[in-house]
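Engineer:
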Amino acid sequence: MLRWSDILIFAKYSNPEPPRRLHKNEAEWAALLTPAQYRVLRQQATEPPYRNAYCRSYEPGLYLCAGCATPLFDSTTKYHAISGWPSFTQPLSKSAICYAFDEGHHMQRIEARCNCCGGHLGHVFPDGPAPGGLRYCINSESLVRVDE
Ligand SMILES: [Zn+2]
Numbered sequence: 052m053l054r055w056s057d058i059l060i061f062a063k064y065s066n067p068e069p070p071r072r073l074h075k076n077e078a079e080w081a082a083l084l085t086p087a088q089y090r091v092l093r094q095q096a097t098e099p100p101y102r103n104a105y106c107r108s109y110e111p112g113l114y115l116c117a118g119c120a121t122p123l124f125d126s127t128t129k130y131h132a133i134s135g136w137p138s139f140t141q142p143l144s145k146s147a148i149c150y151a152f153d154e155g156h157h158m159q160r161i162e163a164r165c166n167c168c169g170g171h172l173g174h175v176f177p178d179g180p181a182p183g184g185l186r187y188c189i190n191s192e193s194l195v196r197v198d199e
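First residue of the sequence shown: 52, per my numbering; consecutive thereafter.
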């Protein structure tokens, strides 16, 4: 189980080795993704709170990266954070996600990215539920839910 101290070490020193790496240029991404997915995954946009696909959805399944289909989260770790975005307590595996300090919007936050394609997912916060205490606040546009 990952804890906040692990996330800080990943962001500061070295991220886990990804299961694979996928590189595309921006024109390829633009052709592959919907405009809304492109804005989130490739331009670090944040979708509107509540008016997004998975905020209130608790159907069982796996959440894949919308850019490269890497499995990122399991529905069993999804919880109601009242944030307006789908929220998870843990990633599916330690190596699925990489982290970086994000100084934008006059805040210091830790950005969560797909470790395979580098797509922006959202941010991680240390105010999640016990025992891990993490809250992965993720844009619905960066995810695709599939049945397990
Ligand atoms: Zn990806």
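Heads up, the beta-carbon is just placed ideally off N, CA and C, and yes, glycines get one too.
Going by beta-carbon coordinates alone, are tyrosine 130 and isoleucine 58 separated by less than 7 Å?
Structural biologist: no
Engineer: From this set, Ile161, Val195 and Asp178, which residue's C-alpha is nearest glutamine 95's C-alpha?
Structural biologist: Ile161
Engineer: Taking contact to mean 3 or more Cβ pairs, one atom from each stretch, closer than 8 Å, check whether the stretch 132-147 and the stretch 74-84 are in contact.
Structural biologist: no
Engineer: Quick one: what's got a C-beta closer than 7 Å to cysteine 66's C-beta in the same chain, skipping five residues either side?
Structural biologist: Sequence inspection shows asparagine at residue 66; the cysteine mentioned does not correspond to that position. So the list reads Cys149, Tyr150 and Asn166, once near-sequence residues are dropped.
Engineer: Would you say cysteine 116 touches ligand 1, meaning its beta carbon is less than 6 Å from a heavy atom?
Structural biologist: yes
Engineer: Kindly indicate if chain B contains any beta-carbon less than 7 Å away from that of methionine 52.
Structural biologist: In the structure shown, chain B cannot be found, because there is only a single protein chain.
Engineer: Count the other CB atoms within 10 Å of the CB of phenylalanine 124; is the residue buried (16 or more) or exposed (fewer)?
Structural biologist: buried
Engineer: Keeping to the same chain, check which residues put their C-beta closer than 7 Å to that of glutamate 77; ignore five residues upstream and five downstream.
Structural biologist: Arg93
Engineer: Would you list, in sequence order, the uninterrupted alpha helix (DSSP H) runs of no fewer than 4 residues that lie entirely inside the stretch 57-89?
Structural biologist: 77-83
Engineer: Suppose you measure from the CA of leucine 143 to the CA of methionine 52; what does that come to, to the nearest Å?
Structural biologist: Rounded to whole angstroms, leucine 143 to methionine 52 spans 10 Å at the Cα level.
Engineer: Kindly list the residues whose CB is nearer than 6 Å to the CB of asparagine 190, restricted to its own chain and excluding five residues on each side of it in sequence; keep chain order.
Structural biologist: Val91, Glu98 and Gly173
Engineer: With 16 as the cutoff for other CB atoms within 10 Å, does glutamate 110 come out buried or exposed?
Structural biologist: exposed
Engineer: Between glycine 173 and ligand 2, is there a pair consisting of the residue's CB and a ligand heavy atom that are separated by less than 6 Å?
Structural biologist: In the structure on display, ligand 2 does not appear, and the ligands it does have are ligand 1.
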